[in-house]
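Asker: Before anything else, here's the structure in question.
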Amino acid sequence: MKTVKVVVLILIIAITGLGVNEAVQHYQGGEIYEAANKAYGLLVKGFNVTVQIETVGGKNLTGTLLSVRGSTITVVINGTPMTVGGPEATREEVKARLIKIEHHGRVYLYEVPPMEGSGEKVFSSLIPKGKAYSIRFSGKIYVEGNVSPIAIGRLKYRADYLTYGSLTINQFSSRGAILTANMVPVQYLLSNLKGYRVFVYGILYVNSEERNMPLRVLEVRTG
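Per our numbering, the sequence shown starts with residue -14, numbered consecutively.
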């Protein structure tokens, strides 16, 4: 049976002044952000975290948790990062009345031994054949040849701003590039580096219901 754990936070604004004060105190007490921080704790473990939002205007939105920084929650909705706050938010783009946070399965950490070949072959081999909620890679990537700066720039943008993770460009020249990936989705690496020869090693984070990769398991994380 699939594991589904849900953290639900409902902020209710009452009509009376006392009710509003209690709601504001409840909100300022940090419960909405406490829930978000718990979700962010899941994210840094390697879980894919889905956020469902009901706005104060009654609109329903669904996205993927990207980050929590101070009092700002950032969620990627239809490919666009959007900031979310409570019902009295002034800086955030979305005022939430209800936030529902959901994650599934476990996170399996696999050792990725040194692998060399075309980017398409190498990164395709890191994608499980079974169902996975997210697949992320951390480690070194050596890219051979005259690498397109557009391809590297697009990859860095997607890794840094459209998902939880980051990409560091350690070296870049006409002979190739050396990259350090920190929990970058494998699909991003595949789509941007499939036309180049690569050498990689590191750790693979697979959020799935069960073990589905023929690699050595380093750790299994639960929510």
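Don't be surprised by glycine CBs; every beta carbon is placed ideally from N, CA and C.
When DSSP labels each residue in this structure, what does I63 get in the three-state scheme?
Answerer: Residue 63 is actually Asn in this sequence, not Ile. In this structure, N63 counts as coil in the three-state DSSP scheme.
Asker: Using only alpha-carbon positions, find the residue among F122, M100, N45, G130 that is nearest to S159.
Answerer: Selected option, being the one with the closest Cα: G130.
Asker: So, with DSSP's three-state summary, where would you put L147?
Answerer: Coil at L147, not helix or strand.
Asker: Which stretch, first to last residue, makes up the beta strand (DSSP E) that contains S212?
Answerer: A query on residue 212 cannot be resolved here, the shown segment of the chain reaching from -14 to 208 and no further.
Asker: Which residue comes first and which comes last in the alpha helix (DSSP H) that contains S109?
Answerer: Its alpha helix (DSSP H) spans residues 104 to 109.
Asker: Determine the extent of the beta strand (DSSP E) in which Y127 is found, giving its start and end residues.
Answerer: That run of the beta strand (DSSP E) goes 119 to 129.
Asker: Quick one: what's got a C-beta closer than 6 Å to N209's C-beta in the same chain, skipping five residues either side?
Answerer: The structure shown has nothing for residue 209, since the chain only spans -14 to 208.
Asker: Are three or more beta carbon pairs between the stretch 82 to 92 and the stretch 19 to 34 nearer than 8 Å?
Answerer: Taking 8 Å as the limit for Cβ pairs, the verdict is that the stretch 19 to 34 does touch the stretch 82 to 92.
Asker: For G26, which of helix, strand or coil comes out of DSSP?
Answerer: Three-state result, G26: helix.
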